[in-house]
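Trainee:
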Amino acid sequence: MDDSSLLLRWLAVFGLIGLNAFFAAVEYAVVSARRSRIAVLAESGSPAARTALRWLEDARHRDEILATVQVGITMVGLALGW
Numbered sequence: 000m001d002d003s004s005l006l007l008r009w010l011a012v013f014g015l016i017g018l019n020a021f022f023a024a025v026e027y028a029v030v031s032a033r034r035s036r037i038a039v040l041a042e043s044g045s046p047a048a049r050t051a052l053r054w055l056e057d058a059r060h061r062d063e064i065l066a067t068v069q070v071g072i073t074m075v076g077l078a079l080g081w
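Using numbering that gives the first Met the number 0, count along the sequence shown one by one with no gaps and you end on 81.
#1: Quick one: what does DSSP say D62 is sitting in, helix, strand or coil?
#2: Apply the 10 Å Cβ neighbour rule to F22 and answer buried if 16 or more other Cβ atoms are within range, or exposed otherwise.
#3: Quick one: using the 10 Å Cβ neighbour count with 16 as the cut-off for buried, is V68 buried or exposed?
#4: Using C-beta distances below 6 Å, list every residue in its chain close to L18, excluding the 5 sequence neighbours before and after it, in chain order.
#5: Looking only at its chain, what residues have a beta carbon closer than 8 Å to the beta carbon of I64, apart from the 5 residues adjacent to it on each side?
#6: What is the DSSP secondary structure of R33, counted as helix, strand or coil?
#7: Which value, in whole angstroms, describes the spacing of the CA atoms of E42 and A48?
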């Protein structure tokens, strides 16, 4: 195995670990978000808070986000194992 191939593999591993960290952070944020704090920010005019509140108040949408995150974590885990 030449050096460029080894470097590419290491970059892929670190990229996948970063992607897994992103998915884990999204999952944690969705599960632990304080809706009351987001509502206060939305009332003060934050467009991001309004969007987040709309997503979190809709149980179906929240479940879709969590399912997508879980699929992402699983796919990254499979890619790392390959």
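Beta carbons are placed, not taken as given, at the ideal position from N, Cα and C, and that holds for glycine.
Mentor: In brief:
#1: helix
#2: It counts as buried.
#3: buried
#4: V75
#5: V25, V29 and W54
#6: coil
#7: Distance from the CA of E42 to the CA of A48, rounded to the nearest whole angstrom, comes to 9 Å.
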